[in-house]
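Engineer: First the structure, then my questions, so here it is.
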Amino acid sequence: MGSGTFRRRVLTVAGVAALVATVAAAFVVASDVFFLIFLAVLLAVLLRGATDALARCTGLGAGWALGLVVIAAVAALTTGLYALGVSVAGQFGQLPEEVPRAIDRSRTYLERHEWGRWVLDQVTPLGQLPSGGSRLAGRLASFFSTTFGALGNLVLLTFLALYLAADPHTYLGGAVALIPPRHRRRAEQVLRAIGFHLRRWLLGRLVAMTTVGVIVSAGLWGVGVPQFVVLGLLAAVLTAVPFIGPIAAAVPGVALALAHGPPAGLGAVGVYVLAQAVENYVVTPLVQKRAAQLPPALALAAVALAGVLFGVLGLIAASPLLVAVLVAVKMLYVEDVLGDRLDVPGAAT
Numbered sequence: 000m001g002s003g004t005f006r007r008r009v010l011t012v013a014g015v016a017a018l019v020a021t022v023a024a025a026f027v028v029a030s031d032v033f034f035l036i037f038l039a040v041l042l043a044v045l046l047r048g049a050t051d052a053l054a055r056c057t058g059l060g061a062g063w064a065l066g067l068v069v070i071a072a073v074a075a076l077t078t079g080l081y082a083l084g085v086s087v088a089g090q091f092g093q094l095p096e097e098v099p100r101a102i103d104r105s106r107t108y109l110e111r112h113e114w115g116r117w118v119l120d121q122v123t124p125l126g127q128l129p130s131g132g133s134r135l136a137g138r139l140a141s142f143f144s145t146t147f148g149a150l151g152n153l154v155l156l157t158f159l160a161l162y163l164a165a166d167p168h169t170y171l172g173g174a175v176a177l178i179p180p181r182h183r184r185r186a187e188q189v190l191r192a193i194g195f196h197l198r199r200w201l202l203g204r205l206v207a208m209t210t211v212g213v214i215v216s217a218g219l220w221g222v223g224v225p226q227f228v229v230l231g232l233l234a235a236v237l238t239a240v241p242f243i244g245p246i247a248a249a250v251p252g253v254a255l256a257l258a259h260g261p262p263a264g265l266g267a268v269g270v271y272v273l274a275q276a277v278e279n280y281v282v283t284p285l286v287q288k289r290a291a292q293l294p295p296a297l298a299l300a301a302v303a304l305a306g307v308l309f310g311v312l313g314l315i316a317a318s319p320l321l322v323a324v325l326v327a328v329k330m331l332y333v334e335d336v337l338g339d340r341l342d343v344p345g346a347a348t
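Each residue of the sequence shown is one higher than the last, beginning at 0 in numbering that gives the first Met the number 0.
Shown next, in the form of C-alpha cells:
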C-alpha cells in the first residue's frame, strides 16, 4: 500500500469520525430540535398515507388530495368542537370552581381520620409554598415563555409536516442521492419500509388513544362526574405522552370525583387504572406488535431511557423512533450483513 493511499484512508476515517462526533454533539445540544423534526416527519407520514389513499380512490393529483385531506381534518376538528362546544365549554368553565371545592372537601374528609391527618402532614402546608412578587413574576414569565414556546413548536411542526407531505420525493431523493449509486435502490427500500411501519404504528396509537378516551369518559360518567366528556378527551390526548400523560390526566378527574364523596373518588381512581391497564397490557401490545412489529418490553425500555435523557419530547418520539431503527437494523444488518431473509413488510418495490 502506497503512502498516498494510506494517507487518503486515514483522512477518510478521520473525516467520518469527525462527522459522527459533530452530529452526536449537535444532537446532545439540540436534541429537542431533532425530536421535533422527527415528529414532523411522523405527521407527514400520516398525512401522506391519507393523501395517497384518497388519490388512489378518486384519481386526483397528490396536491389536490393533500389539500382535501387537510381541509377534511380541519373540518372534522371544527365540527367536533362545535358539536361538543356547549357541553365542553360549560365543563371547562366549571373546572376553576370545582377543583378548589373538591380539594376542600377532600381535606375535610381526611381530617376526620387519623391516617388522613398523617397524609395531610406529609403535604407541604400552603403557607410554606414559595411566595413574593419576584417569584410570582418569575413564574408568570416561565409560564408565558413555555406557552409561547410550545405554540411556536406546534406551528413549526405543522408547517414542516405539510411541506414534507406535499413533496416527499424531493427530500427522499436528496437523502438517497448522498448514498453511493450501487446502494441507492436498497436505501429506497429501507425508507419505504420505515414509512410503512410508521403509518401502522400511528394507526395503532390512534386505536389506543380512542380506547382510553372511551373508557375514561364512560367510567367517569358512571361514577357521577359531570365533566366526563372533557376529562375523557384530556385522557385520550395525554395518552400520547407515556408515563407522565396518564398521571397528569388522572389528577383533575380524581379531584373532581372526590367532590362527590370518597366512593366517587375511589371509583375514579379505578377508572383511570382500568383504562391504563387495558391500554398498556391489552391494546398496545396486541396492536403495536401486529401493526408495527414492536416488541413491548423493548418499547418500554426505550421510552423510559428517552424520557430520562431527553424529557417529554423524548417520551413522545421514543416508540416511533425505535420502530424506524428496528426496520433499518433488520434490513441493513440482519438481511444484508448476516444474510438472513426476513421479508420486512413494506420494502417491496
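Backbone N, C-alpha and C fix where the C-beta goes; we use that ideal spot for every residue, glycine too.
Leaving out five residues on either side along the sequence, give the residues of the same chain with a beta carbon under 6 Å from the beta carbon of leucine 159.
Structural biologist: Working through the sequence shown from its first residue, we reach residue 159 at position 160. Cβ within range, chain order: Ala39.
Engineer: Here's a check: name, in chain order, each residue in its chain whose Cβ is nearer than 6 Å to the Cβ of arginine 7, leaving out the five neighbours to either side.
Structural biologist: The residue you call residue 7 lines up with position 8 of the sequence shown. Nothing meets the Cβ criterion.
Engineer: Are any of the Cβ atoms in chain C nearer than 8 Å to that of alanine 217?
Structural biologist: Reference to chain C is not applicable here, since this structure consists of a single protein chain.
Engineer: What three-state label does DSSP hand valine 222 in the structure shown?
Structural biologist: Translated into the one-based positions of the sequence shown, residue 222 becomes position 223. Three-state DSSP puts valine 222 in coil, outside helix and strand.
Engineer: Below 8 Å CB to CB, which residues in the same chain sit around leucine 190 once its five sequence neighbours on both sides are set aside?
Structural biologist: Counting from one through the sequence shown, the residue named residue 190 turns up at place 191. Hits under 8 Å: Leu171, Ala174 and Val175.
Engineer: Can you give me the start and stop residues for the alpha helix (DSSP H) that threonine 50 sits inside?
Structural biologist: The residue you call residue 50 lines up with position 51 of the sequence shown. Taken as a continuous stretch (DSSP letters only), the alpha helix (DSSP H) holding threonine 50 covers 30-57.
Engineer: Taking only three categories from DSSP, how would you classify leucine 177?
Structural biologist: Counting from one through the sequence shown, the residue named residue 177 turns up at place 178. It is coil, neither helix nor strand.
Engineer: Does the contact criterion of 3 or more C-beta pairs under 8 Å hold for the segment 313-330 versus the segment 284-294?
Structural biologist: As far as the Cβ criterion goes, the segment 313-330 touches the segment 284-294, which means the pair count is three or higher.
Engineer: Smallest Cα separation from phenylalanine 360: which of Leu153, Val333 and Arg184?
Structural biologist: As displayed, the chain neither begins before 0 nor continues past 348, which places residue 360 out of reach and without an answer.
Engineer: Mapping the DSSP letters down to three states, classify alanine 182 as helix, strand or coil.
Structural biologist: Along the sequence shown, one-based indexing puts residue 182 at 183. Position check: residue 182 holds histidine in this sequence, whereas alanine was assumed. Helix, per DSSP.
Engineer: Contact between the segment 212-229 and the segment 271-291 is defined here as three or more beta-carbon pairs at a separation below 8 Å; is this criterion met?
Structural biologist: Yes: at least three Cβ pairs fall under 8 Å.
Engineer: Might you give, ordered along the chain, the residues of its own chain that have their beta carbon closer than 6 Å to the beta carbon of methionine 330, omitting 5 neighbours on each side?
Structural biologist: On the sequence shown, position 331 is the one that residue 330 refers to. Same-chain partners within the cutoff: Val189 and Val343.
Engineer: Which parts of the segment 188-259 are runs of the alpha helix (DSSP H), unbroken and 4 residues or longer, counting only runs that do not cross its ends?
Structural biologist: Taking only runs of at least 4 residues, the alpha helix (DSSP H) segments lying wholly in the segment 188-259 are 227-237 and 243-257.
Engineer: With a 10 Å radius around its C-beta and 16 neighbouring C-beta atoms as the bar for buried, classify histidine 196 as buried or exposed.
Structural biologist: As a first step, residue 196 is located in the sequence shown; it is residue number 197 there, counting from the start. With 16 or more other Cβ atoms within 10 Å, it is buried.
Engineer: Using only the alpha-carbon positions, how far apart do arginine 185 and leucine 341 sit?
Structural biologist: Indexing the sequence shown from 1 puts residue 185 at position 186. Indexing the sequence shown from 1 puts residue 341 at position 342. One C-alpha to the other measures close to 15 Å.
Engineer: Assign phenylalanine 227 to buried or exposed, taking buried as 16 or more other Cβ atoms, counted over all protein chains shown, within 10 Å of its Cβ.
Structural biologist: If you number the sequence shown from 1, residue 227 lands on position 228. Phenylalanine 227 should be labelled buried.
Engineer: Using a threshold of 8 Å, state whether the C-beta atoms of serine 318 and alanine 301 are closer than that.
Structural biologist: On the sequence shown, residue 318 is found 319 positions in, with the first residue counted as 1. On the sequence shown, residue 301 is found 302 positions in, with the first residue counted as 1. Against a cut-off of 8 Å, the Cβ pair of alanine 301 and serine 318 comes out as a contact.
Engineer: If you run the structure through DSSP and keep just helix, strand and coil, what is valine 343?
Structural biologist: As a working note, residue 343 is residue 344 in the sequence shown. Coil at valine 343, not helix or strand.
Engineer: Taking 8 Å as the cut-off, decide whether the C-beta atoms of glycine 266 and leucine 230 are in contact.
Structural biologist: Taking the sequence shown and counting its residues from 1, the one referred to as residue 266 is at position 267. Taking the sequence shown and counting its residues from 1, the one referred to as residue 230 is at position 231. Going by C-beta atoms, glycine 266 is not nearer than 8 Å to leucine 230.
Engineer: Report the residue from Cys56, Ala75 and Tyr108 whose alpha carbon sits nearest the alpha carbon of proline 261.
Structural biologist: Here residue 261 refers to the residue found at position 262 of the sequence shown. Residue Tyr108 is the option with its Cα nearest to proline 261.
Engineer: Would DSSP call glycine 338 helix, strand or coil?
Structural biologist: By 1-based counting over the sequence shown, the position of residue 338 is 339. In this structure, glycine 338 counts as coil in the three-state DSSP scheme.
Engineer: Whole-angstrom Cβ separation of valine 68 and leucine 46, contact assumed at under 8 Å?
Structural biologist: The residue labelled residue 68 in the question sits at position 69 within the sequence shown. The residue labelled residue 46 in the question sits at position 47 within the sequence shown. Right, their Cβ atoms sit about 6 Å apart.
Engineer: With a Cβ-Cβ cutoff of 8 Å, do phenylalanine 37 and alanine 217 count as a contact?
Structural biologist: Within the sequence shown, numbered from 1, the residue matching residue 37 stands at position 38. Within the sequence shown, numbered from 1, the residue matching residue 217 stands at position 218. No.
Engineer: So leucine 273 is in the alpha helix (DSSP H); what residue range does that whole segment cover?
Structural biologist: Within the sequence shown, numbered from 1, the residue matching residue 273 stands at position 274. Unbroken alpha helix (DSSP H) run through leucine 273: 261-277.
Engineer: If we call anything under 8 Å between Cβ atoms a contact, is leucine 232 one with proline 245?
Structural biologist: Mapped onto the sequence shown, residue 232 falls at position 233. Mapped onto the sequence shown, residue 245 falls at position 246. Cβ distance not < 8 Å, so leucine 232 and proline 245 don't count as in contact.
Engineer: Could you check which residue in Glu334, Leu312 and Ala17 has the C-alpha nearest to that of alanine 29?
Structural biologist: In the sequence shown, residue 29 corresponds to position 30, counting from 1. The residue with the shortest Cα to Cα distance from alanine 29 is Leu312.
Engineer: On a CA-only basis, which of Gly194, Leu150 and Thr157 is nearest histidine 168? Give me that one, please.
Structural biologist: Looking up residue 168 in the sequence shown gives position 169. Comparing Cα-Cα distances from histidine 168 to each of Gly194, Leu150 and Thr157, the minimum goes to Gly194.
Engineer: Just to confirm, are valine 224 and alanine 256 a CB contact at a threshold of 8 Å?
Structural biologist: Mapped onto the sequence shown, residue 224 falls at position 225. Mapped onto the sequence shown, residue 256 falls at position 257. A contact, by the Cβ cut-off of 8 Å.
Engineer: State the start and end residues of the unbroken alpha helix (DSSP H) segment that holds glycine 313.
Structural biologist: Working through the sequence shown from its first residue, we reach residue 313 at position 314. Note, glycine 313: alpha helix (DSSP H), 295-328.
Engineer: Can you tell which of Gly14, Leu201, Tyr162 and Leu155 has its C-alpha closest to the C-alpha of leucine 65?
Structural biologist: Residue numbering aside, residue 65 sits at position 66 when the sequence shown is read from its first letter. The residue with the shortest Cα to Cα distance from leucine 65 is Tyr162.
Engineer: Can you give the Cα-Cα distance for valine 282 and alanine 207, rounded to whole angstroms?
Structural biologist: On the sequence shown, position 283 is the one that residue 282 refers to. On the sequence shown, position 208 is the one that residue 207 refers to. The alpha-carbon atoms of valine 282 and alanine 207 are separated by roughly 6 Å.
Engineer: With a CB to CB cut of under 6 Å and the five nearest residues on each side skipped, what residues in its chain are close to glutamine 287?
Structural biologist: The count along the sequence shown starts at 1 and reaches residue 287 at position 288. So the list reads Gly203 and Leu293, once near-sequence residues are dropped.
Engineer: Counting C-beta neighbours from all protein chains within 10 Å, is the total for alanine 13 16 or more, i.e. buried, or is it exposed?
Structural biologist: Within the sequence shown, numbered from 1, the residue matching residue 13 stands at position 14. Exposed, by the Cβ-count rule.
Engineer: For glycine 60, name the three-state secondary structure that DSSP assigns.
Structural biologist: Along the sequence shown, read from residue 1 onward, the residue named residue 60 stands at position 61. In this structure, glycine 60 counts as coil in the three-state DSSP scheme.
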